[in-house]
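Here is the structure we will look at, set down as structure tokens.
Protein chains: 2
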Amino acid sequence: MDTLPPPQDTDGRDEIEPINATPAYKLVAAALERLIVSGKVKPGEAIGTEAELVKKFGVNRSTVREGIRLLEQGGLIRRDSSRRLYASVPRYDRLACRISRAFVLHEVSFRELWESMTAIETAVVELAAERITPDLLGELDLNLKKTARMIDSPADLAQLDVEFHAIVSKAAGNRVLQLAREPSNLLLHPSDEMLFKISPIAAQRNLKAHAALLDALHKHDKAEAVLWMRRHLNDWKKAFELLGKSLDEPIDRICADHILEMQ
Amino acid sequence: MDTLPPPQDTDGRDEIEPINATPAYKLVAAALERLIVSGKVKPGEAIGTEAELVKKFGVNRSTVREGIRLLEQGGLIRRDSSRRLYASVPRYDRLACRISRAFVLHEVSFRELWESMTAIETAVVELAAERITPDLLGELDLNLKKTARMIDSPADLAQLDVEFHAIVSKAAGNRVLQLAREPSNLLLHPSDEMLFKISPIAAQRNLKAHAALLDALHKHDKAEAVLWMRRHLNDWKKAFELLGKSLDEPIDRICADHILEMQ
DNA sequence: ACGATGTCTTTGTCCGACAAGCAGACAAAC
DNA sequence: GTTTGTCTGCTTGTCGGACAAAGACATCGT
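One line per chain: the protein sequences are G and W, in this order. Position in the first sequence counted from 1, then plus 864, gives you our numbering. Position in the second sequence counted from 1, then plus 864, gives you our numbering.
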């Protein structure tokens, strides 16, 4: 696999070097990436126009454009209205979406998702109990009310469930945990809806758990919040198993559509 | 995102159409993405040549190329030798790298990283204690021996530390947790090295903790493994604070270089 | 001063072209 | 028969130029 024999030092002139055939468009992308990540161009600042980049890098416009496309999808470059290019910070929701997609393609199991959710959500809710602010408590109150009203509409319930936990994770004030949590949440959402559709009891238990969690958060009671989160997650697992599905089968590919349609 | 209000059917002449302002190259990318994610083209299979895609989509070759570039960086498309295009599954290390980069740009704090590590690593080690296999135990044994030998070389120590935890996370058999863990690990690595460089005691405690963790894993003793992981993480925090740095300051941008250089 | 106007700029898309590298076929040498 | 070298397509990477559309900008008339 180590291509090319070592440059046979026959007569001292061995500067052949293993051929560094990196295409120009990748070099352009790498250069721009370095500019942004290293902070020389701050998020929000404008990248030059294509013509300027052409002059700066000394390559053709098509090449510059291909380089830009590489970064565009990664979220390091954003287009305002009018399609001008600005440096940008990758958005969490986009990242979460990509991660979810990767999980689908890798065919991770529900068990893996559930284990991960258990670990992360309990930590999140513990932090949230400590740090939650009144306005986020208000948002949760509102969400709970809506959940009670929508108790017979599985689709809305699933949506509200996702929202509830998203608010809690925001309250935890930890963006690393927030991003770690998001993909699993996205992927569990469709199953969530299915559970609510099939079992009204699951919907009831969901509502009750949310109410208890919210109460614990109001009281800033870490222990109780964690306890209810555990119960909440166990409920989900039990309901899932009642459906006759195995936790060890890979998540459905139908989740993929759900992920895809959000860009 | 191609919304826009429906074209107000005021007087029958409503062929205004919601202005499909999505550039063609994005549509190409979306179409290819859908092909791969939905499973119509399985990972490893070849995407057609550019010429074929030109015919299939009815757009110019440049446009096709720009579309391909969008997916290329995301890891959905891979180039074999000879640059032919194949569908692919996004690699975890690439994803972790991107996530790390996002954290740097978002200027997350060491505290956020540490809290996340605490939550995830304890869960990981608990699962690992249950599921670890003899060969992974062997790898850990080897890693521990090397760590003992390299006790005076901070750079190697940091590298071995990262490896140790990576092996543990592999042993946990949960890819979701594994990916959730990776970015924080990457970002803490440089600070790790700095800690070892400044405080030989930190290196000693690190070695001791690893030994104890490994012992617990050998015995499949969950409780002890979790206990030692907690200690290990607290050690890190204490050492960090001894350095006089605040946990609440954003992670250094120097981490960025470290992240960038791994593709 | 303000709004309507036309012009400039920039992007999205297309066309055509060429060099380099890879794959396979084919002929030559052992 | 196997190996080697060569040749010919095919595909990608890069280039140059071109044009339409839409935003940005300057100008002009009131």
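A virtual CB, placed ideally from N, CA and C, is assigned to each residue, including glycine.
Continuous alpha helix (DSSP H) stretch holding residue i: start and end
i, result
"W/Glu925", "As written in the sequence, residue 925 of chain W is Arg, which differs from the Glu given in the question. First-last of the alpha helix (DSSP H) with W/Arg925: Arg925 to Gly938."
"G/Ile1065", "Pro1064 to His1082"
"G/Leu1008", "Pro998 to Arg1013"
"W/Asn1098", "Lys1086 to Leu1106"
"G/Pro887", "Counting along the chain, G/Pro887 falls outside any alpha helix (DSSP H), and DSSP gives it neither H nor E."
"W/Ser1033", "Pro1018 to Ala1035"
Length of the line joining the Cα atoms of residue i and residue j
i, j, result
"G/Ala951", "G/Ile941", "5 Å"
"G/Val923", "G/Ala888", "8 Å"
"W/Asp1020", "W/Ser926", "46 Å"
"G/Arg975", "G/Thr913", "48 Å"
"G/Gln937", "W/Ile900", "16 Å"
"W/His1029", "W/Leu1097", "12 Å"
"W/Leu1024", "G/Leu1081", "40 Å"
"W/Ser1110", "W/Ser973", "9 Å"
"G/Asp1056", "W/Gly903", "23 Å"
"G/Ala895", "G/Lys920", "11 Å"
"G/Leu935", "G/Leu1059", "39 Å"
"G/Arg898", "G/Lys906", "12 Å"
"W/Leu1106", "W/Leu1052", "16 Å"
"W/Asp1116", "W/Val968", "7 Å"
"W/Ala1076", "G/Glu1027", "41 Å"
"G/Gly908", "G/Val918", "21 Å"
"G/Ser964", "G/Leu1050", "7 Å"
"G/Glu971", "W/Val1040", "11 Å"
"G/Lys1009", "G/Leu1078", "11 Å"
"G/Pro1114", "W/Pro998", "26 Å"
"W/Arg948", "W/Ile932", "12 Å"
"G/Val1032", "G/Leu977", "18 Å"
"W/Arg955", "G/Trp1092", "35 Å"
"W/Val892", "W/Ile1062", "53 Å"
"G/Ile911", "W/Arg929", "22 Å"
"W/Asp944", "W/Gln1042", "27 Å"
"W/Asp1112", "G/Thr886", "40 Å"
"W/Arg1095", "G/Ala966", "33 Å"
"W/Arg995", "W/Lys1083", "11 Å"
Run of the beta strand (DSSP E) containing residue i, from where it starts to where it stops
i, result
"W/Ile941", "Ile941 to Arg943"
"G/Leu949", "Leu949 to Ala951"
For residue i: DSSP bridge partner residues
i, result
"G/Ser973", "G/Pro1114"
"W/Ala910", "W/Tyr950"
Any non-hydrogen atom of the ligand ATP within 7 Å of residue i CB
i, result
"G/Lys1061", "What this structure holds is no ligand at all, so the ligand ATP is not there to describe."
Checklist entry - Can at least three beta-carbon pairs, one atom from the stretch 979-997 of chain G and one from the stretch 1063-1073 of chain G, be found at a separation below 8 Å? => result no
Checklist entry - Do the stretch 951-967 of chain W and the stretch 1037-1053 of chain W touch if we need at least three Cβ pairs shorter than 8 Å? => result yes
Next on the checklist: Would you call the stretch 1090-1106 of chain W in contact with the stretch 998-1014 of chain W, where contact means no fewer than 3 C-beta pairs closer than 8 Å?
Outcome noted: no
Checklist entry - At a cut of 8 Å, does the stretch 1023-1041 of chain W reach the stretch 985-1003 of chain W through at least three beta carbon pairs? => result yes
Next on the checklist: Between the stretch 1078-1091 of chain G and the stretch 1056-1068 of chain G, can you find at least three pairs of beta-carbon atoms closer than 8 Å?
Outcome noted: no
Item to check | Proximal residues, the stretch 976-987 of chain G versus chain W, C-beta separation under 8 Å | outcome: Glu976, Leu977, Glu979, Ser980, Thr982, Ala983, Ile984, Thr986 and Ala987
Item to check | Interfacial residues, the stretch 944-968 of chain G to chain W, with Cβ spacing under 8 Å | outcome: Val953, Pro954, Tyr956, Leu959, Arg962, Ile963, Arg965, Ala966, Phe967 and Val968
Checklist entry - Can we say the stretch 994-1012 of chain G touches the stretch 995-1009 of chain W, given the rule of at least three CB pairs closer than 8 Å? => result no
Item to check | Under 9 Å (Cβ pairs) to chain G, residues found in the stretch 916-937 of chain W | outcome: Ser926, Arg929, Glu930, Gly931, Ile932, Arg933, Leu934, Leu935, Glu936 and Gln937
Checklist entry - Closer than 9 Å, Cβ to any Cβ of chain W: which residues of the stretch 988-1009 of chain G, in chain order? => result Val988, Glu990 and Leu991
Item to check | Under 9 Å (Cβ pairs) to chain G, residues found in the stretch 1083-1102 of chain W | outcome: none
Item to check | Contact set between the stretch 1038-1057 of chain G and chain W, restricted to residues whose Cβ is under 8 Å from the partner | outcome: Asn1038, Arg1039, Val1040, Leu1041, Leu1043, Ala1044, Pro1047 and Ser1048
Checklist entry - According to a CB-to-CB cut-off of less than 9 Å, which residues of the stretch 899-914 of chain W neighbour chain G? => result Ile900, Val901, Ser902, Gly903 and Pro907
Item to check | Members of the stretch 1023-1036 of chain W that neighbour chain G once the beta carbon cut-off is set at 9 Å | outcome: Ala1036
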